[in-house]
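Working notes for the structure below.
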Amino acid sequence: MIPSVLPTYSRAPMSFVKGEGSWLIEADGRRFLDLGAGIAVNALGHAHPTLVAALTDQANALWHVSNLYQIPQQQKLADMLVELTFADTVFFTNSGTESCELAVKMARKYWYEKGAPERVEIITFEGSFHGRSSAGIAAAGSEKMTKGFGPLLGGFKHLPWNDHEALTAAITDQTAAIMIEPVQGEGGIRPLPDQCLKGLRDLCDEHGILLILDEVQCGVGRTGKLFAHEWAGIEPDIMNVAKGIGGGFPLGAVLATENAASGMTAGTHGSTYGGNPLGCAVGCAVLETVAEPDFLADVSRRAGALRQSLEGLIAQHPDVFESVRGAGLMLGLKCKATNMDIVNAGYDNEVITVPAAENVIRLLPALNITEDDISEAAKRLSAAASQIEKA
226 MIPSVLPTYS
236 RAPMSFVKGE
246 GSWLIEADGR
256 RFLDLGAGIA
266 VNALGHAHPT
276 LVAALTDQAN
286 ALWHVSNLYQ
296 IPQQQKLADM
306 LVELTFADTV
316 FFTNSGTESC
326 ELAVKMARKY
336 WYEKGAPERV
346 EIITFEGSFH
356 GRSSAGIAAA
366 GSEKMTKGFG
376 PLLGGFKHLP
386 WNDHEALTAA
396 ITDQTAAIMI
406 EPVQGEGGIR
416 PLPDQCLKGL
426 RDLCDEHGIL
436 LILDEVQCGV
446 GRTGKLFAHE
456 WAGIEPDIMN
466 VAKGIGGGFP
476 LGAVLATENA
486 ASGMTAGTHG
496 STYGGNPLGC
506 AVGCAVLETV
516 AEPDFLADVS
526 RRAGALRQSL
536 EGLIAQHPDV
546 FESVRGAGLM
556 LGLKCKATNM
566 DIVNAGYDNE
576 VITVPAAENV
586 IRLLPALNIT
596 EDDISEAAKR
606 LSAAASQIEK
616 A
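Using this note's numbering, read the sequence shown as starting at 226 and increasing by one per residue.
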């Protein structure tokens with residue numbers, strides 16, 4: 226008999242009832258060190274008092290009105306994002322998947338309004354993840370994502386990761402945009418080198434096409450800059466955001482330049498829940514904290530400490546771990562043992578990590594993880610590795 230919850234996840238046998246900072250408390254009282262943060266969502270950890278206060282205050286005032294009306298909290302958050310980034314305008318969604326959908330629509334509508342309706346093709350890359358909607362799986366293109374869900378939405382061209390010649394050859398007079406994650410998450414924590422991101426921006430400028438950056442997982446402070454592309458000193462035309470921007474509350478956004486968004490006029494897109502007062506009140510509180518230069522500097526400092534501890538872990542357990550890669554607090558441990566075995570051994574030792582492609586486990590802790598918790602993480606991961614070695 227099918228379960229009442231549709232069985233599309235192989236769920237681990239834990240039921241968490243409370244969170245405190247970087248810790249999750251199971252129903253039976255066990256305390257798990259959370260290095261997954263809800264897959265890079267809980268940017269400030271669990272039950273952060275500033276976010277709890279923002280949510281509670283807004284919940285006591287007004288939850289939802291719809292986008293038929295002005296929403297002051299939404300306006301405030303949009304103004305903050307415009308001030309802090311390349312963007313001239315913002316549309317709020319409930320998720321990264323929805324942000325991808327709008328980015329695709331925006332790029333195609335841009336060219337339609339420019340009198341080039343044939344320019345619908347969007348170049349994407351092997352190993353990418355852009356959500357599980359029709360456009361998202363078509364953009365990723367992998368069999369794992371698309372099998373059984375045809376016919377797929379057309380207009381995507383999939384290229385190998387980091388193949389400059391293939392990219393140059395793929396651009397035609399049907400190309401509308403290039404869409405890429407500055408750091409692949411699901412694909413195995415693969416950062417795109419800064420020079421490659423600069424090269425992509427130059428290529429888009431040369432051919433007059435749009436650059437879409439998917440920063441759903443790597444954005445909102447995770448790499449030590451507010452957004453990962455800032456390390457390369459470039460700006461996209463369109464950017465997808467979600468996960469960390471709501472600190473645990475479902476919230477996403479599409480940021481765009483005035484030029485890229487010029488085709489999106491009244492009636493061309495909408496969302497019933499997107500940008501509601503509750504979500505945007507929390508989003509403002511997240512951004513007011515994360516965007517502070519001192520906070521971002523602390524992210525980089527914590528990232529250095531975590532990376533150093535992971536390098537030590539590899540030296541201790543060379544038969545289990547191979548290397549560490551990533552940026553900021555978006556790190557991946559390339560494994561020699563099977564990654565899911567290590568994730569499960571972590572559960573036995575009360576530490577949470579997240580699997581990814583290429584036999585990698587992801588470490589995506591809260592951006593404000595403490596030094597003591599980083600030290601404890603190394604101990605628990607080492608215990609998990611020792612368990613694997615003895616098996």
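Glycine is no exception: its CB is placed at the ideal position from the N, C-alpha and C atoms.
Could you tell me whether any Cβ in chain C is nearer than 8 Å to the Cβ of residue i?
i, result
"Leu438", "Any reference to chain C falls outside this structure, which holds one protein chain only."
Are the CB atoms of residue j and residue i within a distance shorter than 8 Å?
i, j, result
"Ala620", "Ile347", "Residue 620 falls outside the range modelled here, since the chain spans only 226 to 616, and no answer is possible."
"Val507", "Gly472", "yes"
"Ala634", "Ala278", "No answer is possible for residue 634: it lies beyond the span of the chain, which begins at 226 and ends at 616."
"Ala328", "Val479", "yes"
"Arg550", "Lys561", "no"
"Met489", "Met331", "yes"
"Val511", "Ile567", "no"
"Asn574", "Gln612", "yes"
"Ile594", "Ser235", "no"
"Phe241", "Ile250", "yes"
"Leu302", "Cys509", "yes"
"Ser534", "Ile599", "yes"
"Asp519", "Ala457", "no"
"Thr233", "Thr514", "no"
"Val345", "Gly380", "yes"
With distances taken Cα to Cα, identify the nearest neighbour of residue i among the options.
i, options, result
"Glu308", "Pro580, Ile586 and Ala516", "Ala516"
"Ala237", "Pro590, Arg587, Ala582 and Asn569", "Asn569"
"Leu384", "Phe374, Ile403 and Leu377", "Ile403"
"Cys325", "Thr349, Phe311 and Lys243", "Thr349"
"His355", "Gly553, Ile405 and Phe374", "Ile405"
"Lys382", "Val576, Gly375, Ala391 and Pro342", "Ala391"
"Glu323", "Ala272, Leu512, Ala284 and Val441", "Val441"
"Thr493", "Phe316, Val576 and Ala312", "Phe316"
"Gly449", "Pro543, Leu589, Ala312 and Val290", "Leu589"
"Gly244", "Ser548, Gly270 and Asp388", "Gly270"
"Asp462", "Ile250, Ala284 and Ala312", "Ala312"
"His389", "Gln399, Cys421 and Val466", "Cys421"
"Gly340", "Leu377, Gln399 and Gly380", "Gln399"
"Asp439", "Glu431, Asp427, Asp430 and Pro416", "Pro416"
"Gly500", "Glu513, Gly477 and Asn484", "Gly477"
"Ala582", "Ile414, Asn267, Ala286 and Ala603", "Ile414"
"Ala616", "Thr563, Thr578 and Ala603", "Thr563"
"Trp288", "Ala268, Thr497, Ala491 and Arg426", "Thr497"
"Cys429", "Val290, Ala485 and Asn285", "Ala485"
"Glu601", "Arg256, Val290 and Ala252", "Arg256"
"Asn267", "Gln300, Ala491, Pro580 and Gly444", "Gly444"
"Ala603", "Arg532, Ala272, Pro580 and Asp427", "Arg532"
"Glu455", "Glu431, Glu483 and Arg426", "Arg426"
My assumption, with CB atoms under 8 Å, is that residue i sits in contact with residue j. Please give the rounded CB distance.
i, j, result
"Pro475", "Gly446", "Between Gly446 and Pro475 the Cβ distance is about 19 Å, and since that is not below 8 Å, they are no contact."
"Ala265", "Met555", "7 Å"
"Pro502", "Gln298", "5 Å"
"Gly495", "Asn319", "Between Asn319 and Gly495 the Cβ distance is about 12 Å, and since that is not below 8 Å, they are no contact."
"Val545", "Ala610", "4 Å"
"Thr314", "Ala481", "6 Å"
"Val466", "Leu260", "The pair is not a contact, with the Cβ atoms about 22 Å apart (cut-off 8 Å)."
"Leu258", "Arg605", "6 Å"
"Gly424", "Trp386", "In fact, because the Cβ distance is near 14 Å, the residues do not count as touching under 8 Å."
"Tyr572", "Met239", "7 Å"
"Gly321", "Lys468", "6 Å"
"Ala552", "Glu596", "That pair is no contact at about 20 Å."
Just to check, is the beta-carbon of residue i closer than 7 Å to a non-hydrogen atom of the ligand ADP?
i, result
"Ile250", "Absence of the ligand ADP is noted for the structure shown, with no ligands found whatsoever."
**OP:** Kindly confirm or deny that the segment 332-340 and the segment 538-553 touch, where touching means at least three C-beta pairs closer than 8 Å.
**Re:** Too few Cβ pairs lie closer than 8 Å, so no.
**OP:** List in chain order: all unbroken beta strand (DSSP E) runs of 3+ residues lying wholly within the segment 476-554.
**Re:** 477-481 and 546-552
Original post:
Per the contact definition of three or more C-beta pairs closer than 8 Å, is the segment 388-397 in contact with the segment 357-376?
Top reply: no
Subject >> 4 or more residues per run - each alpha helix (DSSP H) lying fully within the segment 372-453 >> reply: 389-395 and 419-432
Original post:
So does the segment 419-438 actually touch the segment 368-375, counting three or more Cβ pairs closer than 8 Å?
Top reply: no
Original post:
Is the segment 521-531 close to the segment 402-421, with three or more CB pairs under 8 Å?
Top reply: no
Subject >> Minimum length 4: unbroken alpha helix (DSSP H) runs contained in the segment 283-328 >> reply: Whole alpha helix (DSSP H) segments, 4+ residues: 297-309.
Original post:
For the segment 253-280, which segments carrying the alpha helix (DSSP H) assignment without a break, of at least 4 residues, lie completely within its bounds, in sequence order?
Top reply: You should have 262-265.
Subject >> 4-residue-minimum alpha helix (DSSP H) runs that sit fully inside the segment 561-593, ordered along the chain >> reply: 564-573
**OP:** Run through the segment 329-375 for me and flag every whole beta strand (DSSP E) of 3 or more residues, listed as ranges in chain order.
**Re:** Taking only runs of at least 3 residues, the beta strand (DSSP E) segments lying wholly in the segment 329-375 are 346-350.
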